[in-house]
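Working notes, structure below.
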Amino acid sequence: MSSGASVAPEEADGPGVVVAAPQPATISDRTAIGTSALQILRISRHLPRRRRTGAAAPKVIPFDRPHGSLKNRGAPVADEEGRVFLRGISAETYGLSEFRRRQRTAPRVRRAGTVTDDATVGHSGDSDEGLSRTWWMLGPGDEPFLTQTLQVHFVELKPGGSNHGHGHQNEATFYILEGSGYEIHDGKRYDWSKDDFVIVHTDSVHRHYNASKTERALALVIKAKATWMALGLIQQGRSKPFEDGASFEPARDWSQLWTPGATDKKKVVKKNDTKWETTRDGRVRVISSPQRSDVRTTSVDVYEQELVPGARSAKHWHMADEVAYVLAGSGESEQWDVEAEIGERYQARIAIRPSRWHFSAGDLVYVPQNTVHRYSSDGSGPLRLLVAQNRLFKLLGYDSIVYLEDAREFEREVMARSSAPSR
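For the sequence shown, the numbering used here begins at 3 and goes up steadily by one.
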């Protein structure tokens, strides 16, 4: 949601850290957005900077497999001034409706092959030997901007390959799309295979390994990294010796700060650890949620949804935004925008007509915050979606889902139960 204002000289804030200096908007900007402007926190390499002259659409790099693989890693897709870790908002008006309008006029489906950041600037995890590749499909630096609630990217491990060991304070979750391999987290091994859900816990030094010598491994990564950034939890980097031992005490166990019992929870959720259920939203299997207290994730809630051809999910409403990665099939996302009527109290005004967004396998669907929506399947085979939300919304008091229409499978099951003879 960049304002489009001219870029002013930047102010250095320590080695490699650059904060864009806030500038007055131009006359055209004032007309368009009420003098709103963004300040973006960037981490920059020590390289000559080229300035962007305007917002660019996400770059599409051809993929040679259903779930993606970079064929050509050409010029960096990331902002040449540095990776955007956290996007800020500043404005001369109290109302921020223009930011919301800009977000909601952006396309809500990122097509398979979309690359918004090729991990060449401000990233740490890829192998120096070319044995791993990382690319982003959704992040806080995207233009057009959608969200920084969640980030979505891929990690590809070449046969027998691994990435570079590194650590960050934020949690990260992986859904294994292809292959088999293992993790080393804080010196401990965790094996995984296709359709597993893997958690990199907070404050973890970790590395990913492909166990196959002939086939690649591919993971879809979903994480709420910007949440940690906003809280100032930014101590991260590649594994290396501590450089200033003379000024600090001997090392202490960092895990003393973790919630008691955290280390007893699952870090790899197998498919047979979950179960399919018919809910008001249709057929789903919950992978990570507050109710799954045995799973070691605190920031991302994930479930898989399956819709047979012609079926559709519930028409429902919640405050959290969400992403849905299309594992298989094709369909449509209907989305009814919700506006706030701020009078004596907050009241919701739901759009009469929805926007409609068609998608197919490998696409990423985005549903903005405070939006009524549902999914439907229109392909010849089942539609499978991996749906994720940031759990922080629930902890902030938005833990309700309003069902405006139940899924038809649920309605049929309720009718079948009610008509069954009592025993």
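Every residue gets a Cβ at the ideal spot worked out from N, C-alpha and C, and that includes glycine.
Grouping DSSP H, G and I as helix and E and B as strand, with all else coil, what is residue i?
i	result
Pro50	For Pro50, the predicted model reports a pLDDT of 31, less than 50, meaning its position is unreliable; a value from the coordinates is still stated below. Coil at Pro50, not helix or strand.
Leu148	coil
Phe250	coil
Gln371	coil
Asn212	strand
Arg355	coil
Val154	strand
Asn274	helix
Gln238	coil
Ala39	Confidence is the limiting factor: at Ala39 the pLDDT is only 34, short of 50, which leaves the residue's position unreliable, though a coordinate-based value still follows. Ala39: strand per DSSP, three-state reduction.
Arg44	Confidence at Arg44 is low in this model, with a pLDDT of 40, below 50, so its placement is unreliable and no value can be given for it.
Leu406	strand
Asp266	helix
Ala93	coil
Gln349	strand
Trp256	helix
Lys190	strand
Thr118	coil
Glu415	helix
Thr300	coil
Lys227	helix
Ala322	coil
Ala313	coil
Ala363	coil
Given that a residue counts as buried once 16 or more other Cβ atoms are within 10 Å of its Cβ, and exposed if not, what is residue i?
i	result
Gln349	exposed
His210	buried
Thr118	buried
Lys190	exposed
Thr175	buried
Ser293	The sequence given here has Gln at residue 293, not Ser. Gln293 should be labelled exposed.
Ala253	exposed
Glu185	buried
Leu72	The pLDDT assigned to Leu72 is 47, lower than 50, so where the model puts this residue is not dependable; a value taken from the coordinates is nonetheless given after this. Leu72 should be labelled buried.
Asp408	buried
Arg414	exposed
Val416	exposed
Trp137	buried
Asn274	exposed
Tyr96	exposed
Ile344	exposed
Val223	buried
Thr55	For Thr55, the pLDDT reaches just 36, beneath the cut-off of 50, and the residue's location in the model is therefore unreliable, although a value from the coordinates is still provided. Its Cβ having fewer than 16 others within 10 Å, Thr55 is exposed.
Pro64	The pLDDT assigned to Pro64 is 39, lower than 50, so where the model puts this residue is not dependable; a value taken from the coordinates is nonetheless given after this. The residue in question, Pro64, is exposed, as its Cβ has fewer than 16 Cβ neighbours within 10 Å.
His208	buried
Thr373	buried
Ser134	buried
Ile403	exposed
Glu173	buried
Leu397	exposed
Since residue i is in the beta strand (DSSP E), which residue starts that stretch and which ends it?
i	result
Met139	134-140
Ser332	332-344
Phe244	No beta strand (DSSP E) contains Phe244, which DSSP labels as neither H nor E.
Arg106	Counting along the chain, Arg106 falls outside any beta strand (DSSP E), though it belongs to the alpha helix (DSSP H) covering 99-107.
Tyr177	174-180
Arg218	Note, Arg218: premise wrong, no beta strand (DSSP E); not H, not E.
Ser290	284-290
Gly383	From DSSP, Gly383 is part of no beta strand (DSSP E); its letter is neither H nor E.
Beta carbon of residue i, beta carbon of residue j: below 7 Å?
i	j	result
Phe412	Met321	no
Val271	Val297	yes
Lys225	Gln171	no
Ser214	Gly163	no
Tyr177	Leu406	no
Leu220	Glu158	yes
Pro384	Glu308	yes
Gly84	Gly124	yes
Ala353	Asp339	yes
Ser295	Val304	no
Ala114	Gly364	yes
Tyr400	Leu366	no
Pro161	Gln150	no
Arg287	Thr299	no
Asp205	Trp256	yes
Gly183	Asn165	no
Ala342	Arg386	no
Gly167	Ser241	yes
Leu98	Tyr368	no
Considering residue i, what are the terminal residues of the alpha helix (DSSP H) in which it resides?
i	result
Glu131	Element bounds for Glu131: n/a, residue is neither H nor E.
Leu394	394-397
_Given 8 Å, three or more beta-carbon pairs between the region 329-343 and the region 281-288_ = When Cβ pairs closer than 8 Å are counted between the two stretches, the region 329-343 is seen not to touch the region 281-288, the count staying below three.
Worksheet item: Three or more beta-carbon pairs under 8 Å between the region 190-205 and the region 99-112, yes or no?
Response: No, they do not touch.
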